[in-house]
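Input: a single structure, listed below in structure tokens.
In the numbering used here, the protein residues as written are 8 to 78.
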């Protein structure tokens, strides 16, 4: 996380959930990792192709927003 933040590389945090159950809230994970409020924290099941694709799309969208809003 520090590397990405230091080099201003867009990233998302993926919370792997099994059977749709999250063990922690996205806000708790964000706080524990000390990532900025604009960093997406995404629930996913990495075993499921569609869930993984949706997470990658979230990353691309986040990167595009950052790229178009950067000075």
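Beta carbons: idealized from backbone N, C-alpha and C, even for Gly.
Residue i versus the options, residue with shortest Cα-Cα distance
i          : options        : result
residue 69 : 53, 20, 38     : 20
residue 39 : 65, 22, 64     : 22
residue 26 : 42, 71, 54, 67 : 54
residue 11 : 31, 42, 35     : 42
residue 76 : 45, 28, 58, 24 : 45
Extent of the continuous beta strand (DSSP E) to which residue i belongs
i          : result
residue 49 : 48 to 51
residue 21 : 20 to 23
Residue i, enclosing alpha helix (DSSP H) - first and last residue
i          : result
residue 42 : No alpha helix (DSSP H) holds residue 42; DSSP gives it neither H nor E.
Residue i in three-state terms, based on DSSP
i          : result
residue 67 : helix
Beta-bridge pairing of residue i - partner residues as DSSP gives them
i          : result
residue 11 : DSSP lists no partner for residue 11.
Fill in: Stretch-stretch touch, CB-based, cutoff 8 Å, three pairs: the segment 48 to 60 with the segment 10 to 18
no
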